[in-house]
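Taking it in order: structure first as structure tokens, then the write-up.
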Amino acid sequence: MKIGVLSSGIVSPHGIGSLGTALSPEMVSTAEGAHTHPVALVDRNAPELLKWSKEPRMRRASPISYYMIEAAHQALSAIPSLDLSRVGIVATFFLGCLMYSVKFYRQIYNEGRRFGSPVLFPETVFNSPVSHVVSVLGIGGPVYSQIGDKSSWVTGLRTAESWLRNGSADHVIVLGAEEFDPIALDAFYSAGLITKEMVTGDGAGAVLLGASGGGDEVIFIDKIADGYGFADKLGAVNAATSCLNQFPGETPILSTATSWTRTVEQKITEGRSLIPMDHLLCEAFTARTGWDTLLGIQLMRERKLDGIIIPYWGLSQQIGAAQFTR
């Protein structure tokens with residue numbers, strides 16, 4: 009069975025449904041006010057997102073739920089004849105439901121544990137946005153949330169592939185999504201995950217996977233490599249080397265590294281064909297991995313490449329990669 013990328017969905021600061029709009033970042037202060045940082049956010053008042061507010065269960069949902077529903081809806085709308093009872097969803101998160109988590113714990117900190125809002129708490133759980141997606145869109149297949157750094161996207165692809173091969177689902181949507189809150193910037197600075205010139209953002213990316221017989225426009229997942237963990241930057245070089253050694257040396261690699269992983273990328277891709285990223289994407293963690301995937305597929309079609317390797321550089325614990333072919 010060949011697993012193909014059949015359709016996609018995008019919600020990003022670059023646009024809804026595409027990545028063609030240039031970024032217009034604004035300077036945002038961290039929660040502690042110690043730093044300012046360029047940030048580009050999704051237009052949360054976009055009509056494509058606001059239409060979901062008519063759903064009763066979405067009245068208290070956080071922005072990430074809206075991003076995910078719209079991205080999944082775009083992917084499903086491309087193939088309207090699907091049996092939704094046989095569609096699964098794998099959601100990948102780094103930060104997840106950040107805004108409501110911050111509100112909930114700030115309330116406890118300021119007013120005491122007895123005053124933690126039972127209205128806010130359900131929306132702090134990683135599975136909450138996924139439950140909104142499947143309920144609103146009527147999806148009946150298996151559902152799974154995976155939490156990690158950006159490399160969790162690769163594990164999501166592997167999970168989806170397993171479901172398709174063992175018959176658990178006929179089609180699977182893999183979603184990567186994040187939402188933004190200024191408190192995250194303090195954590196990013198403290199952990200050294202972002203640099204001053206990086207633009208951070210939020211949004212969602214989705215791919216719909218399924219068995220495909222082929223054709224010029226179909227792009228297949230040929231090989232997945234995940235589980236290459238590290239504890240420090242030297243370990244990241246070794247992990248990335250082991251990961252990329254799983255793929256043919258002649259296949260071009262899409263440059264997707266950001267922040268400190270750029271140095272790692274330069275070291276381990278010497279002597280290999282490295283394709284620069286034409287789009288200046290903001291760093292939106294697992295949402296960014298979805299966008300990287302779609303831009304890599306777009307580049308394959310534009311340049312008529314037979315294959316491309318897309319690394320997914322986790323900034324905190326792991327690296328993974330996937331090879332896509334015609």
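Under our numbering, think of the first position of the sequence shown as 9, with each following residue one higher.
Glycine included, C-beta positions come from ideal geometry on N, C-alpha and C.
Per-residue burial, residue i [other beta carbons within 10 Å of its own, 16 or more giving buried]
i	result
residue 157	buried
residue 155	exposed
residue 121	exposed
residue 99	buried
residue 30	exposed
residue 193	buried
residue 76	buried
residue 304	buried
residue 296	buried
residue 1	Only positions 9 to 334 of the chain appear in the structure, and residue 1 is not among them; the question remains open.
residue 328	buried
residue 258	exposed
residue 319	buried
residue 300	buried
residue 169	buried
residue 288	exposed
residue 73	buried
CA nearest to the CA of residue i, picked from the options
i	options	result
residue 312	199, 240, 333 and 325	333
residue 71	212, 11, 34 and 39	212
residue 21	252, 208 and 329	208
residue 109	89, 137 and 239	137
residue 263	201, 277 and 257	277
residue 106	198, 243, 187 and 226	187
residue 81	52, 145 and 59	145
residue 309	90, 295, 191 and 227	227
residue 321	201, 260, 269 and 168	269
residue 47	260, 210 and 63	210
residue 149	135, 180, 162 and 161	180
residue 271	248, 281 and 256	248
residue 4	170, 69 and 200	The structure shown has nothing for residue 4, since the chain only spans 9 to 334.
residue 87	16, 65, 49 and 153	16
residue 265	202, 258 and 58	202
residue 243	323, 220 and 61	323
residue 45	301, 291 and 298	291
residue 330	160, 102, 74 and 23	160
residue 286	294, 280, 225 and 302	302
residue 49	23, 61, 294 and 55	23
residue 218	135, 178 and 189	178
residue 36	241, 147, 103 and 204	204
residue 51	32, 118, 63 and 67	32
Integer-rounded CB distance, given that residue j should sit under 8 angstroms from residue i
i	j	result
residue 27	residue 216	That pair is no contact at about 17 angstroms.
residue 325	residue 237	6 angstroms
residue 18	residue 25	6 angstroms
residue 316	residue 282	That belief does not hold up - the Cβ atoms of residue 316 and residue 282 are roughly 11 angstroms apart, past 8 angstroms.
residue 167	residue 152	6 angstroms
residue 57	residue 34	At roughly 19 angstroms, the Cβ-Cβ gap does not stay under 8 angstroms, so residue 57 and residue 34 are not in contact.
residue 185	residue 101	7 angstroms
residue 182	residue 214	7 angstroms
residue 103	residue 293	7 angstroms
Please give me, in chain order, every unbroken run of the beta strand (DSSP E) with length at least 3 that falls completely inside the segment 35–97.
The beta strand (DSSP E) runs lying completely inside the segment 35–97 and spanning 3 residues or more are 44–48, given in chain order.
Would you be able to state if there are at least three C-beta pairs under 8 angstroms between the segment 226–243 and the segment 81–95?
In this structure the segment 81–95 does not touch the segment 226–243; the number of beta carbon pairs closer than 8 angstroms is below three.
Complete beta strand (DSSP E) runs within the segment 273–318 (minimum length 3 residues, chain order)
Qualifying beta strand (DSSP E) stretches: none in this window.
Within the chosen definition, does the segment 170–182 reach the segment 40–49 through at least 3 CB pairs nearer than 8 angstroms?
With a cut-off of 8 angstroms, the segment 40–49 and the segment 170–182 do not count as touching, because too few Cβ pairs lie within range.
At least 3 beta-carbon pairs within less than 8 angstroms: the segment 247–256 vs the segment 269–284:
Between the segment 247–256 and the segment 269–284 there are three or more inter-stretch CB-CB distances shorter than 8 angstroms, so the stretches are counted as touching.
What are the complete alpha helix (DSSP H) segments, minimum 4 residues, inside the segment 196–277?
Runs of the alpha helix (DSSP H) inside the segment 196–277: 241–252 and 269–276.
Report the start-end ranges of each alpha helix (DSSP H) in the segment 112–193 that is 4 residues or longer and not cut off at the edges.
Runs found: 135–145 and 160–174.
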